[in-house]
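Reading through the structure tokens given below for one structure.
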Amino acid sequence: MDRARNALPPGVLSMHVLPAEHHDRDWDAIIVPREVKERLLAQALLVLQHGRKLSMLSGLPHGLIVLAGPPGTGKTTMARGLAQVAALALAREGATTLIEINPHAFPSDMLGESQRNVTRLLAETIPEIAALGIDEIAKKLPAVLFVTTTNFIQAVDAAFLSRADLVMRFALPDAATIARILESAIGELAVQWPALQPMAADRARIAELAALCEGWDGRRVRKLVLAALAQRLEVSRDPARLAWEDFFEAARKKGGVEWAGGVAPTSRELFPDVPKELMHDDDGHGHVHGPHTPVHTHQHDDDKKSRS
Ligand SMILES: Nc1ncnc2c1ncn2[C@@H]1O[C@H](COP(=O)(O)OP(=O)(O)O)[C@@H](O)[C@H]1O
Ligand SMILES: [Mg+2]
């Protein structure tokens, strides 16, 4: 149940009531050892389920999990996935609300401080919590879990870090993990273009390809699929024609572009046979004249906005 985007308070990116259909993908997408996921989930459930009792301990949990590591290693995806899986575990006891917050939207002096401040800030930001009153929040807090991600743990306030119940350090994927990410990414492609199914099952080629991606983060590995699809025009027009050569070329170019090659054809050499009736009469001021269907007019406008 998403609230309308413009109804959310500033700094709040999204609100979801979980568990929900179609929210399983995040957790499943991140390939890490089994123990890593289990530890993370156990930590979350411990606080969400038993926070009230545990708050009686001298070493009470702060309900804070920090996911740290280089960009593109799956921290944000894992945090989202954790919310769904924890909500699945607790579904019989009630719904779980996931609130995604962009801390950069908050005043800078609030950053890097303890959970108390984060809570105060939440109370100020989210009317539903504010409406409870500060004492109520304190009572309800044991069942609130904060999961935060950082690309640069050295910059995180030590007092904040010491309050974390768990600091999980993500690393760049090793060759075996890269291979599994590639397998997953190609598998997803094959769902859309079933002709690619044999590629998703070709372990030997995938391992060979993974070796070329050493040192890459998971995001870049997943993007290699897009780079492979964009190596040749004919493949970008018909992804079912994707070949291993496209993957190896894309990996050799490190997902980027090689500034080399012959003379590029002109636009009309590339696409000589677009009929005149599909050409729009564009006056350069956002107005479209002529015998065009509303559908075309709309697409044309969108195109122009995104290109200018
Ligand atoms: N270990 C991994 N296994 C599978 N996919 C990964 C992994 N690490 C990153 N990715 C993919 O990379 C993309 C970026 O992940 P994200 O969670 O935004 O990373 P971060 O928050 O660490 O920058 C996502 O599509 C994610 O699925
Ligand atoms: Mg992130």
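Here this note's numbering = 1-based position in the sequence shown + 831.
Just so you know, even glycine gets a beta-carbon here, dropped at the ideal spot from N, CA and C.
Give the secondary structure of residue i by DSSP, where H, G and I count as helix, E and B as strand, and everything else as coil.
i: residue 924; result: helix
i: residue 1061; result: coil
i: residue 1136; result: Residue placement at residue 1136 cannot be trusted, given a pLDDT of 44 that sits under 50; what the coordinates show is reported in the next sentence. If DSSP states are grouped into helix, strand and coil, residue 1136 belongs with the helices.
i: residue 863; result: coil
i: residue 981; result: strand
i: residue 839; result: coil
i: residue 999; result: strand
i: residue 929; result: strand
i: residue 857; result: helix
Short check: CB of residue i to CB of residue j, under 8 Å?
i: residue 1093; j: residue 1051; result: no
i: residue 928; j: residue 978; result: no
i: residue 1030; j: residue 1017; result: yes
i: residue 997; j: residue 874; result: yes
i: residue 976; j: residue 891; result: no
i: residue 995; j: residue 896; result: yes
i: residue 1008; j: residue 898; result: no
i: residue 1006; j: residue 1039; result: no
i: residue 1013; j: residue 1041; result: yes
i: residue 1117; j: residue 1002; result: no
i: residue 838; j: residue 872; result: no
i: residue 1004; j: residue 1049; result: yes
i: residue 1043; j: residue 1083; result: yes
i: residue 902; j: residue 982; result: yes
Going by DSSP, what residue range makes up the beta strand (DSSP E) through residue i?
i: residue 899; result: 895-899
i: residue 846; result: 843-849
i: residue 1043; result: It is not in any beta strand (DSSP E) - residue 1043 instead sits in the alpha helix (DSSP H) that spans 1034-1043.
i: residue 992; result: Per DSSP, residue 992 belongs to no beta strand (DSSP E); it is in the alpha helix (DSSP H), 989-994.
Looking only at its own chain, which residues have a Cβ that is under 7 Å from the Cβ of residue i, when we skip the five neighbours before and after it?
i: residue 1066; result: 1060, 1072, 1073 and 1077
i: residue 919; result: 850
i: residue 1081; result: 1055, 1058, 1059 and 1062
i: residue 861; result: 905, 908, 909 and 912
i: residue 886; result: 973
Specify, as a first and last residue, the run of the alpha helix (DSSP H) that residue i falls within.
i: residue 1022; result: 1006-1023
i: residue 1099; result: 1098-1101
i: residue 1140; result: For the chain, the structure presents residues 832 to 1139; residue 1140 sits outside this window and is missing.
i: residue 1030; result: 1028-1031
Starting from the C-beta of residue i, find all residues in its chain whose C-beta is less than 8 Å away, skip the five residues before and the five after it, and write them out in chain order.
i: residue 883; result: 973 and 974
i: residue 859; result: 912
i: residue 857; result: 908, 909, 911, 912 and 915
i: residue 1023; result: 1070
Which residues in the same chain have their Cβ closer than 6 Å to the Cβ of residue i, if we skip the five residues on either side of it in sequence?
i: residue 1011; result: 862
i: residue 993; result: none
i: residue 1064; result: none
i: residue 845; result: 931
i: residue 1036; result: 1075
i: residue 924; result: none
Q: May I have all residues whose beta carbon comes closer than 6 Å to any heavy atom of ligand 2, sorted in chain order?
A: 906, 907 and 980
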